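Participant:
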Amino acid sequence: MAGTSPEVWFVLPSANAEKCRRNLPTWRDQGYRVAVLQDRERFEVSADAVLVRDRYPGWASSINTIFREVVPATCRVVVCGGDDMLPDPNKRAAEIATEFLDHFGGDFGVMQPTGDGFEATDTICGSPWLGRSWMERMYAGRGGLCTAYFQQYADDELYWVSRCAGRFWARPDLTQYHQHFRRMGEPAPAYWVDSAASHDESDCLTFIARSRTGFPGAAPSDQPDLLDLSVFAAEYTGRAEAWYRHRYGAASDQEPARRLGDALSRCAQNGWRRVAIYGAGQHTARAGQALRSPRVEIVAIVDDDPARVGGRLWNFPVVSREQAIDLELDAIILSSDAMEPRLRTRASGFEQRGVRIIGLYGAVTPAKVRA
């Protein structure tokens, strides 16, 4: 009936004026409204709304932000992706949205068109349709996508979380063509290298850690037991772990993990229960095996890089030295090889609070008497 067709918004971050100008009119021609988040580059674009940020907050954060700040309450379904995506050419937005709402009996669900078949389209949610209730309720109301990831693997988590929630619908009959630069025979654009490639390893490790711990915090506040994790346990093929071994290698992980594991065991034996790890870089990223079942409480990971502070590594919060000094720690472990002497110097303030300083490649610095 006239006037009752559901409204659909296509929401995306973009730093590519050419792709936006080429592709976004196609979405609008198919009946979608469009909202774009811009950061490094400002440009005129065929969109219904444009958000501007000083820096790129990452893909998942961008989608959640656009939904929260731009998409009107009357819209029950959004589509998210990138500026290199095209809409299904055979069905208009309202028709697909009606099918979505009918299938789920409402707007709490995730639908992924898989007809394109490019790069594991059927095992991730790279260009999903998301219902309003999913966006409003998941992750305890913080948004429909997990913001622990910067660029990669948020779509992997969305796939598995929605499947474990029993709210996923794959649509092989719909095709959202992905004009990925590799597919088009183009060089990797600079913004992709900065955002995706530079965060690939940390995002991959984050997915491995979160998946092994049951995707903590993903469920709605009013349904904390929503996820049936047996689905993941039965069907996950180890895609992220295989990529990590292929791209970054596994042999180099063994020594950092062994040393960190020994240090954590030493803490447990000495009754040092509240422990922090100093260093959120590659050494700690590769030592994740030691953090799976520690015998002490790992309170936080400490780092001096402001870009890392406030994030998470191996599902532990990353904090600054200033924040960590008041955490009532028993010990702090220096997680670096080349940087250990420098970290030991920077950690001297913890000694004044009675915190033991433990080097993985040097000695334990005894704590001074607590005041």
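In this note's numbering, the protein residues as written are 659 to 1029. Even for Gly, the Cβ is constructed at its ideal location relative to N, Cα and C. Here the structure is a predicted model, which is why all the values come from computation and not from measurement.
1. Rounded C-beta distance between Leu832 and Cys738? I'm assuming under 8 Å.
2. Based on the DSSP output, what are the partners of Leu695 in its beta bridges?
3. So Val1030 is in the alpha helix (DSSP H); what residue range does that whole segment cover?
4. Taking the C-alpha atoms as reference points, what is the distance between Tyr714 and Ser720?
5. Three or more C-beta pairs under 8 Å: does that hold for the stretch 923-937 against the stretch 945-965?
6. Check whether the stretch 783-791 and the stretch 725-744 touch, using three or more Cβ-Cβ pairs below 8 Å as the test.
7. Candidates Gln927, Glu859, Gly1007: which alpha carbon is nearest Tyr807's?
8. Once you ignore the five residues that flank Leu816 on each side, which residues in its own chain have a CB closer than 7 Å to its CB?
9. Please go through the same chain and pick out, in chain order, the residues whose beta-carbon is closer than 7 Å to the beta-carbon of Pro745, but skip the five residues on each side of it.
10. Based on the DSSP secondary-structure assignment, which residues constitute the bridge partners of Pro747?
11. Assign Pro683 to one of three DSSP states: helix, strand, or coil.
12. Where Gly741 and Arg825 are concerned, what is the direct C-alpha to C-alpha distance, given to the nearest angstrom?
13. My output table needs one value for Cys733: the three-state DSSP class, helix, strand or coil.
14. Under the rule that 16 or more other beta-carbon atoms within 10 Å means buried, what is Gly1017, buried or exposed?
15. In whole angstroms, what separates the C-alpha of Ser704 from that of Ala945?
16. With 16 other CB atoms within 10 Å as the buried threshold, where does Phe758 fall?
17. At a cut of 8 Å, does the stretch 721-732 reach the stretch 694-713 through at least three beta carbon pairs?
18. Can you tell me which residues form a DSSP beta bridge with Pro830?
19. Would you mind sorting Pro830 into buried or exposed? The rule is 16 or more other CB atoms within 10 Å of its CB.
20. Residues in its own chain within less than 6 Å of Phe701 by CB, not counting five upstream and five downstream?
21. Since Ala846 contacts Trp972 with CB under 8 Å, what's their CB separation in whole angstroms?
22. Does the distance from the CB of Arg932 to the CB of Leu987 come in under 8 Å?
23. Go ahead and pull the three-state DSSP assignment for Pro914.
24. Using three-state DSSP, classify Phe625 as helix, strand or coil.
25. What is the DSSP secondary structure of Tyr936, reduced to helix, strand or coil?
26. Check whether the Cβ atoms of Ala718 and Ala812 lie closer than 8 Å to each other.
27. Tell me the rounded alpha-carbon separation between Ser910 and Ser951.
28. Taking Thr662 as the reference, which of Arg800, Thr756, Thr864, Ala926 has the closest Cα?
29. Nearest-angstrom Cα distance between Ala898 and Gly716?
30. Just mark Phe873 as buried or exposed, buried being the case when its beta carbon has 16 or more other beta carbons within 10 Å.
31. Nearest-angstrom Cα distance between Tyr894 and Gln809?
32. Is Pro845 helix, strand or coil when you go by DSSP?
33. Have a look at Tyr797 and Phe865 and give me their C-alpha separation to the nearest angstrom.
Facilitator: Quick answer:
1. Not really, about 15 Å apart at Cβ, beyond 8 Å.
2. Pro671, Leu709
3. Nothing can be reported for residue 1030: it is not among the residues displayed for the chain, which extend from 659 to 1029.
4. 8 Å
5. yes
6. Because the criterion of three Cβ pairs below 8 Å is met, the stretch 783-791 and the stretch 725-744 touch.
7. Taking only the C-alpha atoms, the option nearest Tyr807 is Glu859.
8. Val768, Cys783, Pro786, Leu803
9. Thr684, Trp685, Gln688, Tyr690, Gln834
10. Paired residues: none, contrary to the question.
11. DSSP places Pro683 in helix when its eight states are reduced to three.
12. Looking at the sequence itself, residue 741 is Asp, so the reference to Gly does not match. When rounded, the distance between both Cα atoms is 26 Å.
13. In the structure shown, Cys733 falls within a coil segment according to DSSP collapsed to helix, strand and coil.
14. Label assigned to Gly1017: buried.
15. 46 Å
16. buried
17. yes
18. Paired residues: none, contrary to the question.
19. exposed
20. Result list for Phe701: Ala675, in chain order.
21. Their Cβ separation, rounded to whole angstroms, is 28 Å, which puts Ala846 and Trp972 out of contact at 8 Å.
22. yes
23. helix
24. Here the chain covers residues 659 to 1029 and nothing more, so residue 625 does not appear.
25. strand
26. Yes, the Cβ-Cβ distance between Ala718 and Ala812 is below 8 Å.
27. Reliability of the predicted coordinates at Ser910 is poor, the pLDDT of 48 falling under 50, and no value is obtained from them.
28. Thr756
29. 19 Å
30. buried
31. 21 Å
32. coil
33. 15 Å
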